[in-house]
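Numbering (the numbering used here), first residue to last: 5 to 114.
Idealized CB from N, CA, C, for every residue including glycine.
Following: one structure in structure tokens, then a few remarks.
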């Protein structure tokens, strides 16, 4: 697949308060037949799944894509903002980002 030709988006927010952001994971060789990563954000924004459930689903399909880091968030829910992260070249499970002190959350991916 030619980079940037698959459609989708890398950053988006819905009117329902869902936010998705995706970055490429740099790797020496891209798999030309991999699925388009931009669909990950688009599918999250239009799905009825919460951020953690969506990333758990994505984690079972992560091998179908070239490397990526994906942040999915449900903003202003009854529980407050819920922000989750999954990268298909790191931990096998998504994580919930919880700032214990109220400070901004930063994720460093190797």
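Residues bridged to residue i (per DSSP)
i          : result
residue 22 : 78
residue 29 : Paired residues: none, contrary to the question.
residue 93 : Paired residue(s): none; residue 93 is not in a bridge.
Candidates the options, of which the one nearest residue i by Cα
i          : options        : result
residue 55 : 94, 64, 86, 13 : 86
residue 37 : 65, 84, 70     : 70
Terminal residues of the alpha helix (DSSP H) in which residue i lies
i          : result
residue 42 : 42-50
residue 58 : 55-65
Unbroken beta strand (DSSP E) run spanning residue i, endpoints
i           : result
residue 101 : 99-101
residue 15  : 15-17
Distance CB(residue i)-CB(residue j) smaller than 8 Å
i          : j          : result
residue 41 : residue 26 : yes
Rounded Cβ spacing between residue i and residue j (contact assumed at less than 8 Å)
i          : j          : result
residue 15 : residue 79 : Going by Cβ atoms, the distance from residue 15 to residue 79 rounds to 14 Å, so no, they are not a contact pair.
residue 18 : residue 49 : 5 Å
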